[in-house]
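Colleague:
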Amino acid sequence: MPNPEASVTSCHTVLGAPGGGGAKWKRLRTVCSPFFDKAEFESRTQEAIEHIIAAVKAAIKNSPADGIDYFQLINRLVVEIHLLLILGVKTVAEDGMVVQNPIVEKGDENDSVVLADTIDNSLNIGMQGHSPSYTSNEFAPLLNFLTERLQLPASELGGIEKILCEAQKKGEVTSIERLHNLCMFMIALAPSPASFWLTTHVFREESLLNDIREEADNDNFTKLSLCFKETLRMYAPVPIMIQRYVVNEETANHVCLLEGSMALKKGDHVVIPTIIMQNDPSIWVEPDEFRPERWDDGEVISSLKNNKGLKTRMRRGSGVEERPVAQEREVMKARYFPFGMGQHTCLGQPYAVWLTMTIASTIINNFDVELSDPEGIMEQKPSYKRIRDHIYSFPKHPLKAKITATDTEGGTRRSMAFRKSMISGMRRVSMFVGGDKQPTALFGTVEEEEE
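With positions in the sequence shown counted from 1, the corresponding number in our numbering is that position plus 6.
1) To the nearest whole angstrom, what separates the beta carbons of Asn-143 and Ile-109, a pair I think is in contact under 8 Å?
2) Quick one: what does DSSP say His-186 is sitting in, helix, strand or coil?
3) Is it the case that the Cβ atoms of Glu-236 and Pro-279 are separated by a distance below 8 Å?
4) Distance, Cα to Cα, Tyr-357 vs Phe-345?
5) Is the beta carbon of Pro-243 less than 8 Å from the beta carbon of Ala-173?
6) Compute the Euclidean distance between the alpha carbons of Phe-145 and Leu-93, then round it to the nearest angstrom.
7) Which two residues bound the contiguous beta strand (DSSP E) that contains Thr-410?
8) Using 8 Å for Cβ pairs, my map puts Val-277 next to Ser-201. What's the rounded Cβ distance?
9) Whose C-alpha, out of Ser-198, Ile-383 and Gly-354, is nearest the C-alpha of Ile-80?
10) Quick one: what's Arg-35 bridged to in DSSP?
11) Can you look up Ser-128 in the DSSP assignment and give me helix, strand or coil?
12) Cβ of Thr-205 within 8 Å of Cβ of Ile-409?
13) Flag this pair as yes or no: are the beta carbons of Lys-406 and Gly-73 separated by less than 8 Å?
14) Would you tell me roughly how many angstroms separate the C-alpha atoms of Glu-167 and Phe-296, rounded to the nearest one?
15) On the DSSP letters alone, give me the boundaries of the beta strand (DSSP E) that Ile-278 sits inside.
16) Ala-411 and Leu-230 look like a contact to me (Cβ under 8 Å); what is the Cβ gap, rounded to whole Å?
17) Where does Arg-210 sit, in a helix, a strand or coil, going by DSSP?
18) Mapping the DSSP letters down to three states, classify Phe-77 as helix, strand or coil.
19) At the level of alpha carbons, what is the spacing between Pro-147 and Leu-89?
20) Find the nearest neighbour of Arg-184 within the set Leu-215, Leu-149 and Val-208, judged by alpha-carbon distance.
21) With DSSP collapsed to three states, give me the class of Arg-250.
22) Using the three-state DSSP reduction, which class does Ser-231 fall into: helix, strand or coil?
23) Pull up the CB-CB distance for Leu-34 and Val-253, whole angstroms please, since I reckon it's below 8 Å.
24) What separation, rounded to the nearest whole angstrom, lies between the Cα atoms of Ile-307 and Asp-75?
25) Given this structure, state the Cα-to-Cα distance separating Val-359 from Leu-232, to the nearest angstrom.
26) Less than 8 Å between the C-beta atoms of Pro-404 and Phe-77, yes or no?
27) What distance in whole Å lies between the Cβ atoms of Gln-386 and Arg-392, which are believed to be in contact at a cut-off of 8 Å?
28) Taking only the alpha-carbon atoms, compute the straight-line gap between Leu-377 and Glu-211 and give it to the nearest angstrom.
29) By the three-class DSSP mapping on this structure, what secondary structure does Ser-288 have?
30) How many angstroms separate the CA atom of Leu-215 from the CA atom of Glu-154?
31) Have a look at Ser-181, Ile-125, Gly-177 and Lys-176 and flag the residue whose alpha-carbon is nearest the alpha-carbon of Gln-157.
32) Is it right to say Ala-71 is buried, meaning 16 or more other beta carbons lie within 10 angstroms of its own, or is it exposed?
33) Determine the burial state of Lys-96: buried for a count of at least 16 other Cβ atoms within 10 Å of its Cβ, exposed for fewer.
34) Which class does Arg-434 belong to by DSSP, given the choice of helix, strand or coil?
Shown next as C-alpha cells:
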C-alpha cells in the first residue's frame, strides 16, 4: 500500500493518488483555489458559447454518413474549454486542438492527434484499483504539450496555468508539482459525461426539450438545473468518487460503516461507489427513471427564499428524505454526493457546474439533435450498466447524432439570456448540488439570497 502523503502531488483528490489531506495536499489546494473561488471563468461565458456553437457547426459540416459520435463531440468541447480557460490558450480551432504525438516520427500519418481523443484513450482503464498511467503511449501527447508550455512566460498563460507559474516563481510549488497539477486539471473530464447524459435525456424527451427552451426564452433555466442534478444522481460523473485511508480504527469503526458489521484496520483503503449508492432503490423512488421533477416541488420552491432550514435540506437531501445529522453512535447515510463531501469536496465544483450548464444550454438552445442508439445502451438498467470501465461515467457504446442548427436569432437570444441569468441561475443550481463550501463570488451565500 503506497504512502498517501508521499504520493499525492496534486490538489485533485480523486485523480491524484488516494489519500490526501496532508500538508502537501493542503498547500497545493490553497494555491489553486482562487481560480475556482473567484469564478472569473464566468465572465467568459459568451466566449465559451461562441466556441461551442462554432465547433458543433464544424462537426456538422464534417459529419460522417452514419452520424456524429455524440459523446466524442461533447468531450472535445470540454477539453477545448479547458484549453481556453484553465491554460489560457489564445485560440482553439473549430475542428479540434491538434497536438504533436512525440512517440511517432514527424511525417508519419499518426504524428499528430486531437488532444481530446488522446486524453480519453489515456483514461480507458479498468476500475479494479488501477490509476491512470502517465507513462502510457496515449498520455504522451498531452504530457509533451504541457511540458513544452512550462517554457512560456506568465504573460502568455492564463487560468490555473498562470497561477501555478507565478506560484513556482515564488517557490510555492516545484516544477513537477506544477506539471502534475496541469495534467490533473486537463484530465478532469467530469463535465463530459454530465453534459452528454443530460442532453441525451433532454433530446430523447420532446416535452422536456420544449419546456427548457421556453424557460430560456424567459431568462430562466430552472428545468435545466433540475435535469442537471438528476443527471449527476443517475450518472455520477466519477462513479467511484470517494477513496479514503483509515488512520484511526476507533473513529472509523465507531461512525463510518454499516453499523459495526465491517471491522476496519489502520491503513485500509476504503472506496465508496457513488453511482451505485445514488441508484439504490432502497433510498430512491424509481432510481432507474430520469425524473428531474424529483428535485422540484411547487411548495418547496416557492418557500426557498425565506426558509434557511429548507434550503439546507434541499442541499443535503436525496429527494426522498432528508439526510440524518450525525449523532453519537448513529450511522451517517450519505445519499447524494456527486462532488464528494467534507474537506475533500471537489475543488472544481463551481467550474464543473458552470461548464456543464454552459455546454448543455448552448446545444439545447441552438441545435436539434436526433440520436440513434445502435447498441441499445439506453435500454439497460440500472443506469451504471450504460457506462464503460473508465475513471468517468463515459458511455459504453457510441450514440450517433444527426445535428442541425436551429433558428440563429432564437438561439442567440437564448444564449444571451443564459449569460445574463447565469449568476442568479447558478445560485439556484448550487442549492441542488450539495457540498460544504459554495464560492461566494459565483453562488452567493444563503444570507444574501434570503435578503
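Even glycine gets a Cβ: it sits at the ideal position worked out from N, Cα and C.
Modeller: Answer, in terms of the structure:
1) If you number the sequence shown from 1, residue 143 lands on position 137. If you number the sequence shown from 1, residue 109 lands on position 103. Yes, Asn-143 and Ile-109 are in contact; Cβ-Cβ is about 6 Å, under 8 Å.
2) Locating residue 186 in the sequence shown gives position 180, where the first residue counts as 1. Residue state, collapsed to three classes: helix.
3) Here residue 236 refers to the residue found at position 230 when the sequence shown is read from its first residue. Here residue 279 refers to the residue found at position 273 when the sequence shown is read from its first residue. Cβ atoms of Glu-236 and Pro-279: not closer than 8 Å.
4) One-based indexing of the sequence shown puts residue 357 at position 351. One-based indexing of the sequence shown puts residue 345 at position 339. Tyr-357 and Phe-345: Cα-Cα distance of roughly 12 Å.
5) What you label residue 243 is simply residue 237 of the sequence shown in a count that begins at 1. What you label residue 173 is simply residue 167 of the sequence shown in a count that begins at 1. It is not a contact, given that the beta carbons lie outside the stated cut-off.
6) Position 139 of the sequence shown, counted from the first residue, corresponds to residue 145. Position 87 of the sequence shown, counted from the first residue, corresponds to residue 93. Going by the C-alpha atoms only, they are around 18 Å apart.
7) Along the sequence shown, one-based indexing puts residue 410 at 404. 406-411 is the extent of the beta strand (DSSP E) around Thr-410.
8) Mapped onto the sequence shown, residue 277 falls at position 271. Mapped onto the sequence shown, residue 201 falls at position 195. Going by Cβ atoms, the distance from Val-277 to Ser-201 rounds to 26 Å, so no, they are not a contact pair.
9) As a working note, residue 80 is residue 74 in the sequence shown. Out of Ser-198, Ile-383 and Gly-354, Ser-198 has the C-alpha closest to the C-alpha of Ile-80.
10) Position 29 of the sequence shown, counting from 1, holds the residue named residue 35. In the DSSP output, where bridge partners are listed per residue, Arg-35 has none listed.
11) For the purposes of this step, residue 128 is identified with residue 122 of the sequence shown, where counting begins at 1. In this structure, Ser-128 counts as helix in the three-state DSSP scheme.
12) Translated into the one-based positions of the sequence shown, residue 205 becomes position 199. Translated into the one-based positions of the sequence shown, residue 409 becomes position 403. No, the Cβ-Cβ distance between Thr-205 and Ile-409 is not below 8 Å.
13) As a first step, residue 406 is located in the sequence shown; it is residue number 400 there, counting from the start. As a first step, residue 73 is located in the sequence shown; it is residue number 67 there, counting from the start. Closer than 8 Å, so yes.
14) Here the question's residue 167 lines up with position 161 in the sequence shown. Here the question's residue 296 lines up with position 290 in the sequence shown. In a straight line, the C-alpha of Glu-167 is about 38 Å away from that of Phe-296.
15) For the purposes of this step, residue 278 is taken as the residue at position 272 of the sequence shown. It spans 275-278 - the beta strand (DSSP E) in which Ile-278 sits, taken as one unbroken run.
16) For the purposes of this step, residue 411 is taken as residue 405 along the sequence shown, with counting starting at 1. For the purposes of this step, residue 230 is taken as residue 224 along the sequence shown, with counting starting at 1. Rounded, the Cβ-Cβ distance is 20 Å, inconsistent with contact.
17) Residue numbering aside, residue 210 sits at position 204 when the sequence shown is read from its first letter. Arg-210 falls in the helix class under three-state DSSP.
18) What you label residue 77 is simply residue 71 of the sequence shown in a count that begins at 1. It is helical.
19) On the sequence shown, residue 147 is found 141 positions in, with the first residue counted as 1. On the sequence shown, residue 89 is found 83 positions in, with the first residue counted as 1. About 14 Å.
20) In the sequence shown, the residue the question calls residue 184 occupies position 178. Of the candidates Leu-215, Leu-149 and Val-208, the one whose C-alpha sits nearest the C-alpha of Arg-184 is Leu-149.
21) Indexing the sequence shown from 1 puts residue 250 at position 244. Three-state result, Arg-250: strand.
22) Within the sequence shown, the letter at position 225 stands for residue 231. Helix, per DSSP.
23) For the purposes of this step, residue 34 is taken as the residue at position 28 of the sequence shown. For the purposes of this step, residue 253 is taken as the residue at position 247 of the sequence shown. Contact doesn't hold; Cβ gap of about 20 Å is too wide.
24) Here residue 307 is taken as the residue at index 301 of the sequence shown, counted from 1. Here residue 75 is taken as the residue at index 69 of the sequence shown, counted from 1. For Ile-307, the predicted structure reports a pLDDT of 41, less than 50, and the residue's modelled location is therefore unreliable. The matter cannot be settled from this model.
25) Position 353 of the sequence shown holds residue 359. Position 226 of the sequence shown holds residue 232. The straight-line gap from Cα to Cα measures roughly 12 Å.
26) As a first step, residue 404 is located in the sequence shown; it is residue number 398 there, counting from the start. As a first step, residue 77 is located in the sequence shown; it is residue number 71 there, counting from the start. Yes; because the gap between Cβ atoms is below 8 Å, this pair is in contact.
27) Your numbering for residue 392 matches position 386 in the sequence shown. Your numbering for residue 386 matches position 380 in the sequence shown. That belief holds up - the Cβ atoms of Arg-392 and Gln-386 are roughly 5 Å apart, short of 8 Å.
28) Translated into the one-based positions of the sequence shown, residue 377 becomes position 371. Translated into the one-based positions of the sequence shown, residue 211 becomes position 205. Straight-line Cα distance between these residues: approximately 11 Å.
29) Working through the sequence shown from its first residue, we reach residue 288 at position 282. If DSSP states are grouped into helix, strand and coil, Ser-288 belongs with coil.
30) Sequence index remark: in the sequence shown, residue 215 carries index 209 (1-based). Sequence index remark: in the sequence shown, residue 154 carries index 148 (1-based). Each residue's Cα considered, the two are about 43 Å apart.
31) Residue numbering aside, residue 157 sits at position 151 when the sequence shown is read from its first letter. When each option's Cα is compared against that of Gln-157, the closest is Ser-181.
32) Position 65 of the sequence shown, counted from the start, is the residue given in the question as residue 71. Under this definition Ala-71 is an exposed residue.
33) As a working note, residue 96 is residue 90 in the sequence shown. By the 10 Å Cβ count, Lys-96 comes out exposed.
34) In the sequence shown, counting from the first residue as 1, residue 434 sits at position 428. At Arg-434, the pLDDT of 47 sits below 50, so the modelled position is not reliable; the number obtained from the coordinates is stated separately. Arg-434 falls in the helix class under three-state DSSP.
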